[in-house]
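Chemist: The structure under discussion is supplied below as structure tokens; questions concerning it will follow.
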Amino acid sequence: MSIVFFVLILIIATVFSNALDTKIKFLPRAIIQIMMGLALSFIPNFNHFNLNPEVFMLAIIAPLMFYDGMNTNIVKLKRTLSNTFSLAIGLAVVTIILVGYLGYALLPHIPIALAFALAAIITPTDAVAVSSVTENLDLPNEAMLSLKNESLFNDASGIVMFDLALTAFHTGHFSPVLSIFNYLYVFFGGLIVGWIVGWLFVRLQLLLIETDIDNPNIIVPINFIKPFAIYLLAEMFDTSGILAVVAAGLIQSTQAQSLRLTSTKTQMVSKTTYEIFTNLMNGFVFILLGVSFPTVIYDITNEGRQVSSLGYLILVGIILYIVMIIIRYLWVTLKLANIRIRPADKVLNHFLIAINGIHGTITLSMAFSIPIVLHGKIFPFRNDIIFIAATVIILSLLVPSIILPLMLPAKSYSYSLEDISTYRQKMIEYAIKRVHDADEDPVETQAVIATLRSQQSILQRPKRNATYKILQKCFNLEEKLLQEMVDNGEISVKQQTFYERMSLFQSFQLHQSFIQHFMYRARFYFIKLSHRFKRRIKRVDPLVVTKKFNNARDELAQVENEISPQIFAYLREHLNADNRAEIHWIEEYYRERHRRFQNNTRANEIQEELFINAFQNEYNFIQEQLGKKNISRELASLLYEQVSNDEWVYMQNDSIYA
1 MSIVFFVLIL IIATVFSNAL DTKIKFLPRA IIQIMMGLAL SFIPNFNHFN
51 LNPEVFMLAI IAPLMFYDGM NTNIVKLKRT LSNTFSLAIG LAVVTIILVG
101 YLGYALLPHI PIALAFALAA IITPTDAVAV SSVTENLDLP NEAMLSLKNE
151 SLFNDASGIV MFDLALTAFH TGHFSPVLSI FNYLYVFFGG LIVGWIVGWL
201 FVRLQLLLIE TDIDNPNIIV PINFIKPFAI YLLAEMFDTS GILAVVAAGL
251 IQSTQAQSLR LTSTKTQMVS KTTYEIFTNL MNGFVFILLG VSFPTVIYDI
301 TNEGRQVSSL GYLILVGIIL YIVMIIIRYL WVTLKLANIR IRPADKVLNH
351 FLIAINGIHG TITLSMAFSI PIVLHGKIFP FRNDIIFIAA TVIILSLLVP
401 SIILPLMLPA KSYSYSLEDI STYRQKMIEY AIKRVHDADE DPVETQAVIA
451 TLRSQQSILQ RPKRNATYKI LQKCFNLEEK LLQEMVDNGE ISVKQQTFYE
501 RMSLFQSFQL HQSFIQHFMY RARFYFIKLS HRFKRRIKRV DPLVVTKKFN
551 NARDELAQVE NEISPQIFAY LREHLNADNR AEIHWIEEYY RERHRRFQNN
601 TRANEIQEEL FINAFQNEYN FIQEQLGKKN ISRELASLLY EQVSNDEWVY
651 MQNDSIYA
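Counting from 1, one number per residue, gives the positions in the sequence shown under the UniProt record's numbering.
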């Protein structure tokens, strides 16, 4: 139960931090989530929290890295493969060596093996954290592509070097030759395992599709368990589970080219599911960092096992962070990674690649993977290393958040929010006009129009008093129209009375609570049974009763056909921004009443045809405006996506519109 509560709190905290992120623009989402974690640390269940690194790597990091690989452009990766490996392997190894010696010089009391372990922890970069910091800035594509591709593979470099450093500390022996061979085996072994198993999973999915077992309930769970299975399998062979899931993700990205427009529903469901899941997992990472931070500080300051004061550890973190920026800048400036950049943009791009070496998920997981106990004793300097790593993570998030907005312009778009609102409004009105012109059943037409208008604004709740005032005016209009029909000889007084009684019965239910409505329905049911029993006693022919009922219903429908269009016309005439919610509610009431009176068996069919035509007309409007160059291609794409989403939602839930 405690695990369920723990996960539930993490989900709530992630959702809340994402909501805050939409309002707080000056802080990256990762910082907000760390602060949320600090707040959670005061909850009893989160006090003195210690992260299980094995569970963390399997449950959170593996699916995140798989998703990163799956969203990588394989064509661009092939084109920049040499630069990617230069940054992910060459730069990572050089950084670990230089920072390791520097860390040992700054912290001479700790063994040199642990200094290299610290360097390996703070070397890997995090593309997700980079995106969090730069999402509102116009970061050059070349720099962003290099950072994303680097982060896919340098995690493995850091993990392998970290394992080598810990092994050297445990055993007291270090063999450069064996270490190199071990590094190559773990690195390329992970890639090979991921490549093979990922290919097998892709073939399995294609086989299921070819045999018409194309069901999201089957395919999506398979895709969901894929990174966990591949990670565990790679670890069984003592290779890199992280690189294995990255390789499998890259293989998965090629599947989209094979599927194209086949299995579209499964692709949409898979994509949406993974986006939500990875968003939660990313939130968990930084929230857990915030939760863990107070425990680390407490252990350092109160248990007397630190190598130096808290202030000095912060200073060490700052120095190591600055040195890593310098190493990254020199690496690209000396063309050890030859990135294709225009000469005029070289200095800026080199600086961006240097400062955006942001650290996050892998750094945190490796820091917490340091054993708590070694040979029956507390692992030495564990909290100091974790604290320095946390300092580097926070610095790498804060510094770009402050500097980059001063250097880079905000993202610019070829359209404004006003353009989106204006052309969306025009598009909907265009579709509504075409629905009107179709000259179908007026009530079903109004139902479709009301749904189309819901695209325009956020759903609002109608105000009770305002609704009843408008409704009373509609009732008065009904009485007036009925009297005119009697005066003109179109209906009899008996039909007028019958219609008024049925209308009164329908309107009476509007003022009832749920319990009153239930009791009224129960009473009506027993009265109906009583009448049926009496007819049997009197031996009344059921066909005669049915005929009378059908005749009465037909008469009611004829009157309703005359009145309902005028009621809808009256409501449209008095529709404005202030009473939109109330009038839409009243329209729904009249549509439902009309259906009961009419018993129209083609209602759903009519609505479906009108909806299909409406969506097609929205597409036509966008194409027409794009052809006239009234809107940009980016705005057209945005509108296309919105119409496509609306259409998909309708097709999935068409029964609720009927």
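All C-beta atoms in this analysis are idealised placements derived from N, C-alpha and C, irrespective of residue type, glycine included.
1) Count Cβ pairs between the stretch 231–240 and the stretch 284–304 that sit closer than 8 Å; are there 3 or more?
2) Taking residue 146 and residue 92 to be in contact with their CB atoms under 8 Å, please state how far apart those CB atoms are, rounded to whole angstroms.
3) Taking the alpha-carbon positions, what's the residue 103 to residue 350 distance?
4) Less than 8 Å between the CB atoms is what I'm expecting for residue 386 and residue 368, so what's the real figure, rounded?
5) Determine the direct distance from the alpha carbon of residue 4 to that of residue 337, and round the result to whole angstroms.
6) Kindly indicate which three-state DSSP category residue 481 falls into: helix, strand or coil?
7) For residue 410, list the residues DSSP reports as bridge partners.
8) Can you tell me whether residue 377 is helix, strand or coil according to DSSP?
9) Straight-line CA distance for residue 590 to residue 213?
10) Keeping to the same chain, check which residues put their C-beta closer than 8 Å to that of residue 325; ignore five residues upstream and five downstream.
11) Is residue 628 helix, strand or coil when you go by DSSP?
12) Taking just the CA atoms, how far does residue 346 sit from residue 27?
13) According to DSSP, is residue 371 part of a helix, a strand, or is it coil?
14) Could you check the C-alpha separation between residue 255 and residue 193 for me, to the nearest Å?
15) Classify residue 422 as helix, strand or coil using the three-state DSSP reduction.
16) Go to residue 462, then tell me how far its alpha helix (DSSP H) extends in each direction, as first and last residue.
17) Between which two residues does the alpha helix (DSSP H) containing residue 221 stretch?
18) Are residue 586 and residue 481 touching if we call contact CB-CB under 9 Å?
19) Along the alpha helix (DSSP H) that carries residue 104, what are the first and last residues, could you check?
20) Pick from 81, 114, 54: whose alpha carbon is nearest that of residue 380?
21) So, do the stretch 11–27 and the stretch 203–217 have three or more beta carbon pairs nearer to each other than 8 Å?
22) Roughly how many angstroms lie between the CA atoms of residue 409 and residue 418, to the nearest whole one?
23) Just verifying my parser: in three-state terms, what is the DSSP assignment at residue 240?
24) Looking only at its chain, what residues have a beta carbon closer than 6 Å to the beta carbon of residue 376, apart from the 5 residues adjacent to it on each side?
25) Short of 7 Å in beta carbon distance, which residues of its chain neighbour residue 365, apart from the five on each side in sequence? Order them along the chain.
26) Between the Cα of residue 137 and the Cα atoms of 402, 484, 94, 479, which residue gives the shortest distance?
27) With a CB to CB cut of under 6 Å and the five nearest residues on each side skipped, what residues in its chain are close to residue 269?
28) Determine whether the beta carbon atoms of residue 65 and residue 249 lie at a separation below 9 Å.
29) Kindly examine the ligand ADP and report whether one of its heavy atoms sits closer than 8 Å to the Cβ of residue 572.
30) With DSSP collapsed to three states, give me the class of residue 656.
31) So, is residue 48 buried or exposed, given that buried needs 16 or more other C-beta atoms within 10 angstroms?
32) Determine the DSSP secondary structure at residue 645, reduced to helix, strand or coil.
33) Relative to the C-alpha of residue 187, which residue among 197, 203, 171, 155 is closest?
34) If you run the structure through DSSP and keep just helix, strand and coil, what is residue 249?
Modeler: The structure says:
1) no
2) Between residue 92 and residue 146 the Cβ distance is about 14 Å, and since that is not below 8 Å, they are no contact.
3) Rounded to whole angstroms, residue 103 to residue 350 spans 25 Å at the Cα level.
4) Cβ-Cβ separation between residue 386 and residue 368: approximately 7 Å, consistent with a contact (criterion under 8 Å).
5) 46 Å
6) Helix at residue 481.
7) 137
8) strand
9) 44 Å
10) 354, 355, 357
11) The three-state reading of DSSP puts residue 628 in coil, since its state is none of H, G, I, E or B.
12) 28 Å
13) It is coil, neither helix nor strand.
14) 18 Å
15) Helix, per DSSP.
16) Residue 462 -> no alpha helix (DSSP H), and no H or E assigned at all.
17) 216–236
18) no
19) 92–106
20) 114
21) no
22) 21 Å
23) coil
24) none
25) 53, 56, 57, 61
26) 402
27) 216, 220
28) Contact flag set, yes.
29) Because no ligand of any kind appears in the structure shown, any question about the ligand ADP cannot be addressed here.
30) Residue placement at residue 656 is poorly supported in this model, since its pLDDT is 44, which falls under 50; the coordinates still yield a value, given next. Helix at residue 656.
31) exposed
32) helix
33) 155
34) Collapsing the DSSP output to three states places residue 249 in a helix.
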